Amino acid sequence: MRSQPVTHGLRFEDTAFVVVHRRIEYGPFDYQWSTDLSSVILTYAGQRYGEVCSPEQLQADLREFRLPRKVVQVAMLVAGCQLHSIRNGHDEQTREQLLRTVLTSFGCDRFLDSAAA
């Protein structure tokens, strides 16, 4: 029996993740530390779209990629949770709970429970 394609979801691989929206995959979204380790570079499909310089300073612009608004929202929430968890040394269970709480509070919980997660 063949499974149905995932309509909405997230798929993680190492530090990268893909957002599935209406059965279309967007990504990967990823991050990397700057060469001097003073900031984090945000990337989409290998291209830089932003930088986190401090907990108080974030610059991000995904307009050039013409992504659906919901994809941008989910991607920013997931990236924010990832970076918050790294900064605070969260274990896997705490990271997953934070992501679940944040996505649910923004009405994006349909992206959590799927075959792509």
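The sequence shown maps to residues 2 to 118 in my numbering. Every residue, glycine too, gets a C-beta built ideally from N, C-alpha and C. Since we're looking at a predicted model, the values are computed, not measured.
- Contact between the region 74-87 and the region 15-24 is present, with at least three C-beta pairs closer than 8 Å.
- With a cutoff of 8 Å on beta-carbon distance, residue 37 and residue 51 are scored as not near each other.
- Taking C-beta separations shorter than 7 Å and ignoring five residues to either side along the sequence, the partners of residue 54 in its chain run 40, following chain order.
- Bounds of any alpha helix (DSSP H) do not take in residue 113, whose DSSP letter is neither H nor E.
- Within the same chain, Cβ atoms closer than 7 Å to the Cβ of residue 8 are found at 23, 24, the five residues on either side in sequence being excluded.
- CA-CA distance, residue 101 to residue 113, rounds to 7 Å.
- Spanning the alpha carbons of residue 99 and residue 107 requires a straight line of approximately 12 Å.
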